[in-house]
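First the structure, in the form of structure tokens, and then the observations on it.
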Amino acid sequence: MMSMKDLHKNFSVSQLGYVSDIVLVVALGLGLYTQWLYTENITILYIAIIGLLIFAISCALQYYFSYSGVGKALLHLWMGCILGILIFTDQKEIEYVTTQEVMDILLVTSMGMGWFWSLLSRFLRLVKSEPKIFSSDVILESLGLAAATIVTGKDWLSFCILLIAFEFNLIAIRFKSYLGLLCFCAFLAVSSFTIVHDMKIVVNIYGIACFLGRHSFDPVIDLYFSGLSILDRWQVIFSQSQLTRHLIVILLFLLNLVSGAFIGHSLTGHKEWFVVVPLFVIFAIIWICFHAIFFITCWKFMSKITKCNLTFSSLSDERKNMNRIMSSDGVRHFSLISQRLICFTFLTTVVLLGLGWETRTLTSISLIMTILPLEAMTLSLFWEMGDFLGGTATGYAIIAPVTGQRALSGATILSNGAVQDIGSRATITLNKMNQFFTYHMIDNYGCDFSMSGLTTEYMESKIKAFFDRRTSEGPRFDTYILYFSGDVYNSGDWALADNKSLTAETLIDWWSQKNNQSGTRLILILDTLHSYNWAKLIRRIPEQYVALQSCTYSKPKDLELGETALVGSFTQDFVHYSQGVELSMNWSNKDRQVKPVILSVQTLDGLYVLFADKRGHRESLEQQFP
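Residue numbers for the sequence shown follow my numbering, beginning at 74 and rising by one.
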């Protein structure tokens, strides 16, 4: 009974969404009546009759034939057309007629009711946040408005381009570009100034405000109400086919060329063309160079997205994470390099608008206003990827049997059962580290396992080669992960063959030689009995980004009931924790025999974690490292 009551309540609330459209239909009908009454234009009468017919057909399709989508599309298309006719046929002599004033009030009321419903639906969580390029209602009403410019005999081409610019600005806002929001404000100011001041076209301000306000309010407030990130919103583009995405890049580049050529042609009419044109030619060379770089950057980025999509489709459902895939493919490094180039490209487009301001036309303004939001949203995307995505990472695991060897204790004879148990635990640890590298898409340099011990020469050659690794594109990896599980001395130094050891100072010295102040990070993951003793030594290392993840082993409080945790237990819990698997016992539990120890030389804010899933280095580190 309660569920039926809630359903009826939600249904009643949802009906408020139609109030705005109903008020708009009444306003349009009143406006057509006023136009026909005072102008006696028979065309207005025909339009009104056709409008009533279409309204009836739309209602029949929605409520009688169950073609809701077709009925709404037909209604919004005709509403946009009639609104456009009323906007562009406005006359001064009927400005203060009572019915005309009532129409203006109804137009503003329709806009206000639409705003109220948008806010209410989001407060009640009736709207599901989904990424989308545009709204069908906006497109249909814009097409109707564009058709009205042809009917009324206005400069239809310029107004159509202006409507396209309006749509592109809304797309930039929907993709959560705050720079796109700034471009939209500039679009409103510049286009209004051009239409009213330059072209001196008499338009119905209330009608334009109604059209702009009804369709721009939702994208703007969704900057706050929608929890989707910029990357989430761009998935609607990333999910398109490779051909579609490359066609978008080509069309954007062609649009840039057309805009530049049009403004260059308009400058020939400048009164000081002999000065302006040579300056424009010099600037055009710079402008073309930056936009060529912009085109190449976007093309290469879309190729990277294609590669990421192929990887995404090949993974199992539980491992599908587009952000992690993009991180492993080096998209963050690519974005950090590209974002400055795109920023300069955007600035050259703004300068192009300034050069063509003196000889501006509605067409030239509209063309520039179609480009600016697209470049703004692209810049916002690259800035977000550089800040949000994790960096590239490579990992190397070294696993040796844990025999409990001590310094100068000589050889230890083990039973066959002990050897099998040690080998079994080492194999499990080996598999867990392979699983860890695979899950987080870390480039796996290898997982070395040795039952006979590790020599100093072998360790030096392998670790130095690991520290010297680079990505397939040339630069160093952002993060290097070195894992070790095996025998150590009480100081934490690694026990090697022939009673030799590998100290923390030696390891960091090898790292410093290969790192060479490049800013890359080293994460040491050590699952041993005494490696936590390295913390004091590593803390004193200057100007190196090094983090230590180790642990401490303790005996159970009740020796009769509890089993002693062995080396390798931490690795299993650590891998499960990093994959989001709930542990049987929390890390902070006082009864845990294995407790984590984490240390970073620099502050955690300065350490970039490779598998960052959320913004903020500290939060990411705490999520993945216990």
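Even glycine gets a Cβ: it sits at the ideal position worked out from N, Cα and C. Every value quoted in this text rests on a predicted model; they were computed, and no experiment measured them.
Beta-carbon proximity of Tyr512 to Thr467, cut-off 8 Å: no
Rounded separation between Leu320 and Ser139 - CA only: 36 Å
Going by beta carbon distance, what residues of the same chain come within less than 6 Å of Trp595, once the five residues before and after it are set aside? For the sequence presented, residue 595 should be read as Leu rather than Trp. Same-chain partners within the cutoff: Tyr553, Trp584, Val619.
When burial is assigned at 16 or more other CB atoms within 10 Å of the CB, is Ala129 buried or exposed? Residue environment for Ala129: exposed (fewer than 16 other C-beta atoms within 10 angstroms of its C-beta).
With burial defined as no fewer than 16 other Cβ atoms inside 10 Å of the residue's Cβ, what is the status of Thr317: buried or exposed? exposed
Would you check whether the ligand FMN has a heavy atom nearer than 7 Å to the C-beta of Ser194? Ligands in the displayed structure: none, and consequently the ligand FMN is not present.
Apart from the five residues on each side of it in sequence, which residues of its chain come closer than 7 Å, Cβ to Cβ, to Tyr91? none
Got a sec, what are the start and stop residues for the beta strand (DSSP E) Arg594 sits in? 594 to 599
Beta-carbon contacts of Ser545 that lie in its chain and below 6 Å, excluding the five residues immediately before and after: none
Considering only residues of the stretch 146 to 231, which uninterrupted alpha helix (DSSP H) runs meet the minimum length of 4 residues and lie entirely inside it, listed in chain order? 171 to 196, 209 to 224
DSSP bridge partner residues for Ala568 (one or two, in chain order): Ser574
Terminal residues of the beta strand (DSSP E) in which Phe557 lies: 552 to 558
Where the beta strand (DSSP E) containing Ile471 begins and where it ends: 466 to 472
Member of Asn504, Ser564, Tyr562, Asn588 whose CA lies at the smallest distance from the CA of Ile536: Asn588
Nearest candidate by alpha-carbon position, reference Ile415, set Ser376, Phe455, Pro446: Phe455
Under a Cβ-count criterion, where at least 16 other Cβ atoms within 10 Å of its own Cβ denotes burial, should Val682 be classed as buried or exposed? Confidence at Val682 is low in this model, with a pLDDT of 36, below 50, so its placement is unreliable and no value can be given for it.
What residues in its chain sit with their C-beta under 6 Å from that of Lys145, if we drop five residues either side in the sequence? none
Taking the continuous alpha helix (DSSP H) assigned at Val99, which residues delimit it? 92 to 112
Hey, how far is the Cα of Lys377 from the Cα of Val404? Computed Cα separation, rounded: 8 Å.
Taking contact to mean at least 3 C-beta pairs separated by less than 8 Å, is the stretch 283 to 294 in contact with the stretch 332 to 347? no
Element boundaries [beta strand (DSSP E), containing Gln622]: 619 to 626
Specify the secondary structure class of Pro548 as computed by DSSP and reduced to three states. coil
Can you tell which of Glu431, Phe260, Ile581 has the C-alpha that lies nearest to the C-alpha of Pro446? Among Glu431, Phe260, Ile581, the Cα nearest to that of Pro446 is on Phe260.
Between Leu89 and Gly217, what straight-line distance do the alpha-carbon atoms span, to the nearest angstrom? 24 Å
Extract the residue ranges of the alpha helix (DSSP H) inside the stretch 315 to 359, only unbroken runs of 4 or more that lie entirely within it. 315 to 339
Any idea if Cys624 is buried or exposed, counting beta-carbon neighbours within 10 angstroms, 16 or more meaning buried? Classification of Cys624: buried, given that the 10 Å Cβ count is 16 or more.
Alpha helix (DSSP H) containing Asn396: first to last residue? Its alpha helix (DSSP H) spans residues 395 to 401.
Can you grab the Cα-Cα spacing for the pair Leu197 / Ser208, in whole Å? 21 Å
Which of the three DSSP states is assigned to Glu633 in this structure? Because Glu633 sits at a pLDDT of 49, beneath the cut-off of 50, its placement in the model cannot be relied upon, and the point is left open.
According to DSSP, which residues form a beta bridge with Lys377? Answer is none; Lys377 lacks a bridge partner.
Along the beta strand (DSSP E) that carries Phe522, what are the first and last residues, could you check? 516 to 522
Do the CB positions of Val276 and Phe161 come within less than 8 Å of each other? yes
By DSSP, does Arg287 sit in helix, in strand, or in coil? helix
Where the alpha helix (DSSP H) containing Arg612 begins and where it ends: 607 to 612
Considering only residues of the same chain and omitting the five flanking positions on each side of Met442, which have a CB-CB separation below 6 Å? Ala238, Phe260
So the candidates are Leu105, Thr451, Ser302; which of them puts its Cα closest to the Cα of Ser411? Thr451
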